[in-house]
Each structure stands twice: as structure tokens, then as C-alpha cells.
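J.: 1 is the number of the first residue of the sequence shown in the UniProt record's numbering; add one for each residue after it. All C-beta atoms, glycine included, are put in the ideal place defined by N, C-alpha and C. First, the structure itself, so that you have it in front of you.
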Amino acid sequence: MEANRIEEKIYKYGADILASEGMQKEKTFVQHGSITCYDHSLRVAEKSLELAEKCSAYIDERSLVRGALLHDYFLYDWHEKDGGHRLHGFFHAERALHNARRDFNLNFIERDIIRKHMFPLNITPPKFRESWIVTWADKLCAAEETTRVLRLAVTKTVRG
């Protein structure tokens, strides 16, 4: 799917989410390396649409995009060393779901995406195709973002 069509779909289905106060707050939190939670969520939505098209999967695009944008809607800096965010990987999906339900009307698929995107770290598997796609897209994006940081660090070390 070409980039323009992906961007159009994200704004078609998620403009209200992207403009929300919570998503604007996500711009201040780093997710992986130097990637903000906001940018990571956008990347996951883009990757989810790409994967769905590659798999020729019949999906609810609206739910896919909205769930992807909100999957990390936990709204705190998990890097803070205050002890309140220990085991972030295990618990942030429920926090994200709580915040998303407070701020938006979510359907069953969107709730499942947010709650289960950390499978298998969280042990309940996704129920819907859209949830599985976002789960994989999140892992692919996280790996790309993390290895990018590691590559830059290694290059800087080697080149001095």
C-alpha cells in the first residue's frame, strides 16, 4: 500500500485520536530510543495496514487503525526510576485500555487490540485478526526502533 493511502486511512479513522490531548501528551514520552510514544503509535498503525494488505486479510480497517493508535495510550513516562512503572511491559496494556475507554468510545475489537497487544508477555492471546496484526506490527516496529538505536551506538563506538 502506498504511503499516501496509508496516511489517508489513518487520518480518516483516527483524526480525533491524533488531535486529542492524550495523544499530544504522548509526544513528550519516549518509547524506544528517541522515538516518542506518539510516533511509535503512528508507525504501528502504518505497519498494521501494510501487514493487513500483504496478508490479503479481510479486516475492519477502522478498528485496526484506532486500536493501533491507542495500543500504548498509558500516558506516563515508563523510563522514570520512581518504582511506579516497574514491570511496565506486563501492566501498561491495561493502563492504556483504561485511559482509552475514558477518552474514546471503543468497540470490542479496539479493546481487544489494546488489551492483548503484549501477547505473549501478557498470556491471553488476541481474539480478532485485527488484534493479531497490531500485535505483530508492534513487535516489528519496536524491534526496528530498538535496533536502530543499537546500530547508531555501535557505529558511534566503532568510528570513535
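(1) Just to confirm, are Asn99 and Tyr73 a CB contact at a threshold of 8 Å?
(2) Return the chain-ordered list of same chain residues with a C-beta closer than 7 Å to the C-beta of Lys27, the five sequence neighbours on each side being excluded.
(3) Beta-carbon separation of Ala68 and Ala45 under 8 Å?
(4) Is there contact here, the stretch 109–117 with the stretch 8–20, by at least three beta-carbon pairs under 8 Å?
(5) Give every residue of the same chain whose Cβ lies closer than 7 Å to the Cβ of Trp132, excluding the five residues on either side of it in the sequence, and list them in chain order.
(6) Can you tell me the Cβ-Cβ gap for Asn107 and Ser41, rounded? I've got them flagged as a contact below 8 Å.
(7) Can you grab the Cα-Cα spacing for the pair Ala3 / Leu49, in whole Å?
(8) In the DSSP assignment, the alpha helix (DSSP H) including Phe108 goes from what residue to what residue?
(9) Given a threshold of 16 other Cβ atoms within 10 Å of its Cβ, counted over all protein chains shown, does Ile123 qualify as buried or as exposed?
(10) Going along the chain, which residues of its own chain have a beta-carbon closer than 7 Å to the beta-carbon of Arg66, five neighbours each way excluded?
(11) Return the CA-CA distance between Lys47 and Leu70, expressed in angstroms with no decimal places.
T.: For this structure:
(1) Along the sequence shown, one-based indexing puts residue 99 at 99. Along the sequence shown, one-based indexing puts residue 73 at 73. A contact, by the Cβ cut-off of 8 Å.
(2) Here the question's residue 27 lines up with position 27 in the sequence shown. So the qualifying residues of the chain are Thr36, Tyr38.
(3) The residue labelled residue 68 in the question sits at position 68 within the sequence shown. The residue labelled residue 45 in the question sits at position 45 within the sequence shown. A contact, by the Cβ cut-off of 8 Å.
(4) no
(5) As a working note, residue 132 is residue 132 in the sequence shown. So the qualifying residues of the chain are Pro126.
(6) Locating residue 107 in the sequence shown gives position 107, counting from the first residue. Locating residue 41 in the sequence shown gives position 41, counting from the first residue. Incorrect: roughly 18 Å between the Cβ atoms, too far for contact.
(7) By one-based count along the sequence shown, residue 3 stands at place 3. By one-based count along the sequence shown, residue 49 stands at place 49. The straight-line gap from Cα to Cα measures roughly 10 Å.
(8) For the purposes of this step, residue 108 is taken as residue 108 along the sequence shown, with counting starting at 1. Phe108 -> alpha helix (DSSP H) spans 108–116.
(9) Looking up residue 123 in the sequence shown gives position 123. Burial call: exposed.
(10) Here residue 66 corresponds to residue number 66 of the sequence shown, with the count starting at 1. Excluding residues within five positions, the ones whose Cβ falls inside 7 Å are Tyr13, Gly14, Ile17, Glu110.
(11) As a first step, residue 47 must be located in the sequence shown, where it is residue number 47. As a first step, residue 70 must be located in the sequence shown, where it is residue number 70. Taking the straight line from one Cα to the other gives about 14 Å.
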